[in-house]
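To start, the structure itself, in structure tokens.
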Amino acid sequence: MEYHISECHVACQNGDRTRIQQFLDKFPFALHHTDSRGWTLAHHAAAGGSQVTIKQLCKAGLDLHTRDMYGANILHIACLYGRVDLVKYLLKKYPKLYIQYDCYSWKSAHFAAQGGSVDTMKLFVETDTDFTLKDQYGANVLHLACGFGRYELAEFLLLEFPDLLHEVGENNGTAAHYAAQGGYVRVMELLVQHGVNMNSRTIHNINVLHIACQHRNVDVVRYILKFNTTLLGQSGLYNWSAAHFAAQGGSVDVLKLIAVDVQMVRKRSITGENILHIACLYGHYDMVKHILTLYPDMLYELGKYYWSASHYAAQGGNVRIMELLGQYKLPKMTSSSRNVNELHIACRYGHENMLQYLLDVMPSLANEKGEYGWTAYHYAALGGSLRILRMLAESGLDIRHEYESVKKVLEIASVHRDKEFEKNVKLIVELTVYV
Numbered sequence: 110m111e112y113h114i115s116e117c118h119v120a121c122q123n124g125d126r127t128r129i130q131q132f133l134d135k136f137p138f139a140l141h142h143t144d145s146r147g148w149t150l151a152h153h154a155a156a157g158g159s160q161v162t163i164k165q166l167c168k169a170g171l172d173l174h175t176r177d178m179y180g181a182n183i184l185h186i187a188c189l190y191g192r193v194d195l196v197k198y199l200l201k202k203y204p205k206l207y208i209q210y211d212c213y214s215w216k217s218a219h220f221a222a223q224g225g226s227v228d229t230m231k232l233f234v235e236t237d238t239d240f241t242l243k244d245q246y247g248a249n250v251l252h253l254a255c256g257f258g259r260y261e262l263a264e265f266l267l268l269e270f271p272d273l274l275h276e277v278g279e280n281n282g283t284a285a286h287y288a289a290q291g292g293y294v295r296v297m298e299l300l301v302q303h304g305v306n307m308n309s310r311t312i313h314n315i316n317v318l319h320i321a322c323q324h325r326n327v328d329v330v331r332y333i334l335k336f337n338t339t340l341l342g343q344s345g346l347y348n349w350s351a352a353h354f355a356a357q358g359g360s361v362d363v364l365k366l367i368a369v370d371v372q373m374v375r376k377r378s379i380t381g382e383n384i385l386h387i388a389c390l391y392g393h394y395d396m397v398k399h400i401l402t403l404y405p406d407m408l409y410e411l412g413k414y415y416w417s418a419s420h421y422a423a424q425g426g427n428v429r430i431m432e433l434l435g436q437y438k439l440p441k442m443t444s445s446s447r448n449v450n451e452l453h454i455a456c457r458y459g460h461e462n463m464l465q466y467l468l469d470v471m472p473s474l475a476n477e478k479g480e481y482g483w484t485a486y487h488y489a490a491l492g493g494s495l496r497i498l499r500m501l502a503e504s505g506l507d508i509r510h511e512y513e514s515v516k517k518v519l520e521i522a523s524v525h526r527d528k529e530f531e532k533n534v535k536l537i538v539e540l541t542v543y544v
């Protein structure tokens, strides 16, 4: 990611005192320049670990307590990068930095957990840090170490603070859930050795296999299935099976691994979705192609509101998937139980390419009315896309008789969907061109 870092920032991170001084002498204002994250020169110096540079910047008048746009101070950054000597210096010289949280309720130890430095974490053991402290999502230092694959640090924490293993984080996820999400088999093995409960579920009934499938972590899925195949039969939120989560993640290799349980693969959610529907919704072309090859009959199953795979593809917005579905004997594009067709859905979710495709191959869909007698214009208004509204108008779809009701939808969307009112006023004004 590009953070628009200046040469002076680079000099600070590299600890180039001479270059830094040249910049400050020539451009005094550079002392207070920040990058796009809000990092000051001191943040970059902390990332580089130069105590001398920190002192140089302080002497020049830079406030070392300044935070970035996420609330991180220079101690946090030093911990993240494992700059042990600098962390030790800052803890002694600037103790106020130690008690500060960032905007996610992370303290210095949380950053150290992400960074993975055991020596840095040991400094916080010496300061009697409360390692049970959690961030705003409920994650403690062990969760973070596992989630970022910091094996040595996770091992250290498990030995020093074994009770952390039984702490739960966001939605009651355990350290194993975090490791499964990150995709770290060695960390998962370590947790198993220390007695983690691999059968634990979150408040949404999601187990570690579900998480691994959702995040495309093939090796973790393979590891879990070696010793705990019972997880395959468990359902999560909305009665989703492991195959639903695999379809959401889009990894064909993951689906192949778990497909030994055919009944589970064919399972449908509470609202009727099969794995083809989910793959279409999340726009995973290769997954859709694989499912259609092995389970072509899924094409004829209907989900919520009697939606077909093409309805989900319209919501997902991947035109290649819609084209692929068209190569099969697709059920005639038709309205759902709420009379909503694929073009309505594309308008509602602002998918310009999908809308253009449907206007080209099935223009009659634009003339159909959905729930409440709504036209494509109404769904576009609900979505709030000026470009979609223009595309409908430019396609020749008459708006004259619908203008007042579409205008009302825009006004309602302003209040109930947190749309910017000024934006919707602009849409209303634009529509008058076609009235």
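Under the working numbering, the first residue of the sequence shown carries the number 110, and numbering increases by one thereafter.
Cβ coordinates follow ideal geometry from the N, Cα and C atoms, glycine included.
CA-CA distance, Met500 and Ala355? Sequence index remark: in the sequence shown, residue 500 carries index 391 (1-based). Sequence index remark: in the sequence shown, residue 355 carries index 246 (1-based). Their backbone Cα atoms lie some 35 angstroms apart in a straight line.
Ends of the alpha helix (DSSP H) at Glu410? In the sequence shown, counting from the first residue as 1, residue 410 sits at position 301. Taken as a continuous stretch (DSSP letters only), Glu410 belongs to no alpha helix (DSSP H), as it is neither H nor E.
My output table needs one value for Ala423: the three-state DSSP class, helix, strand or coil. Counting from one through the sequence shown, the residue named residue 423 turns up at place 314. DSSP, reduced to helix, strand and coil, places Ala423 within a helical segment of the structure shown.
Taking only runs of the alpha helix (DSSP H) that begin and end inside the region 223 to 261, which ones reach a length of at least 4 residues, in chain order? Whole alpha helix (DSSP H) segments, 4+ residues: 227 to 235 and 250 to 256.
Would the beta-carbon of Met431 fall within 8 angstroms of that of Tyr409? For the purposes of this step, residue 431 is taken as residue 322 along the sequence shown, with counting starting at 1. For the purposes of this step, residue 409 is taken as residue 300 along the sequence shown, with counting starting at 1. Contact flag unset, no.
Which residues mark the beginning and the end of the alpha helix (DSSP H) in which Asp134 is found? One-based indexing of the sequence shown puts residue 134 at position 25. Counting along the chain, Asp134 sits inside the alpha helix (DSSP H) bounded by residues Arg126 to Lys135.
Below 8 angstroms, how does it come out for the region 337 to 351 and the region 306 to 326: are there three or more Cβ pairs, yes or no? Segments in contact, yes.
If you pair each beta-carbon of the region 373 to 381 with each one of the region 332 to 340, do three or more pairs fall below 8 angstroms? The region 373 to 381 vs the region 332 to 340: no contact.
Taking the C-alpha atoms as reference points, what is the distance between Ser115 and Pro137? Here the question's residue 115 lines up with position 6 in the sequence shown. Here the question's residue 137 lines up with position 28 in the sequence shown. The straight-line gap from Cα to Cα measures roughly 14 angstroms.
What does a CB cutoff of less than 8 angstroms around Glu264 pick up in its chain, not counting 5 residues either side in sequence? Locating residue 264 in the sequence shown gives position 155, counting from the first residue. Taken in chain order, the residues that qualify are Leu299.
Relative to the alpha-carbon of Lys565, which residue among Thr229, Trp215, Arg192 and His174 has its alpha-carbon at the smallest distance? Shown here, the chain extends from 110 to 544; a query on residue 565 therefore has no answer.
By the DSSP assignment, the alpha helix (DSSP H) with Val305 in it spans what residues? Counting from 1 along the sequence shown, the entry for residue 305 is found at position 196. No residue range can be given for Val305, since it is assigned to no alpha helix (DSSP H) and is classified by DSSP as neither H nor E.
Is the beta carbon of Arg192 closer than 8 angstroms to that of Ala155? For the purposes of this step, residue 155 is identified with residue 46 of the sequence shown, where counting begins at 1. For the purposes of this step, residue 192 is identified with residue 83 of the sequence shown, where counting begins at 1. Cβ atoms of Ala155 and Arg192: closer than 8 angstroms.
Contact under 8 angstroms by Cβ, Phe270 with Gln223: Here residue 270 corresponds to residue number 161 of the sequence shown, with the count starting at 1. Here residue 223 corresponds to residue number 114 of the sequence shown, with the count starting at 1. No, Cβ-Cβ distance for Phe270 and Gln223 is not below 8 angstroms.
Near Thr283, what residues of its chain come up, given a Cβ to Cβ distance below 7 angstroms and the 5 sequence neighbours on each side ignored? Counting from 1 along the sequence shown, the entry for residue 283 is found at position 174. Annotation for Thr283: Val277, Val305, Asn306 and Ser309 place their beta carbon closer than 7 angstroms to its own, counting only its chain and skipping 5 residues before and after.
Would you grab the beta carbon distance between Gly157 and Cys121 for me? Rounded to a whole angstrom, and I think it's under 8 angstroms. Counted from its first residue, the sequence shown places residue 157 at position 48. Counted from its first residue, the sequence shown places residue 121 at position 12. The pair is a contact, with the Cβ atoms about 7 angstroms apart (cut-off 8 angstroms).
Residue closest to Leu498, alpha-carbon to alpha-carbon, out of Met471, Tyr458, Val470 and Gly482: Locating residue 498 in the sequence shown gives position 389, where the first residue counts as 1. The option with the nearest alpha carbon to Leu498 is Tyr458.
Determine the closest residue to Ala368 out of Val227, Asn462, Gly345 and Leu403, with distance taken between C-alpha atoms. As a first step, residue 368 must be located in the sequence shown, where it is residue number 259. Nearest to Ala368 by alpha-carbon distance, out of Val227, Asn462, Gly345 and Leu403, is Leu403.
Could you pull out every residue in the same chain whose Cβ sits closer than 6 angstroms to the Cβ of Leu468, ignoring the five residues on either side in sequence? For this step, residue 468 is matched to residue 359 along the sequence shown. Taken in chain order, the residues that qualify are Ser504.
Tell me whether the beta-carbon of Leu385 lies closer than 8 angstroms to the beta-carbon of Ala418. What you label residue 385 is simply residue 276 of the sequence shown in a count that begins at 1. What you label residue 418 is simply residue 309 of the sequence shown in a count that begins at 1. Cβ distance < 8 angstroms, so Leu385 and Ala418 count as in contact.
Element boundaries [alpha helix (DSSP H), containing Cys121]: On the sequence shown, residue 121 is found 12 positions in, with the first residue counted as 1. Bounds of the alpha helix (DSSP H) holding Cys121 are Glu116 to Asn123.
How long is the line joining the alpha carbons of Met297 and Asn476, rounded to whole angstroms? Numbered from its first residue, the sequence shown carries residue 297 at position 188. Numbered from its first residue, the sequence shown carries residue 476 at position 367. CA-to-CA, the gap between Met297 and Asn476 works out to about 55 angstroms.
So what's Phe138 in DSSP terms, helix, strand or just coil? Counting from 1 along the sequence shown, the entry for residue 138 is found at position 29. DSSP places Phe138 in helix when its eight states are reduced to three.
Look up Lys205 in the DSSP assignment and say whether it is helix, strand or coil. Residue numbering aside, residue 205 sits at position 96 when the sequence shown is read from its first letter. Lys205 falls in the helix class under three-state DSSP.
What residue range is occupied by the uninterrupted alpha helix (DSSP H) comprising Asn462? Position 353 of the sequence shown, counting from 1, holds the residue named residue 462. Run containing Asn462: Glu461 to Val470, per the alpha helix (DSSP H) assignment.
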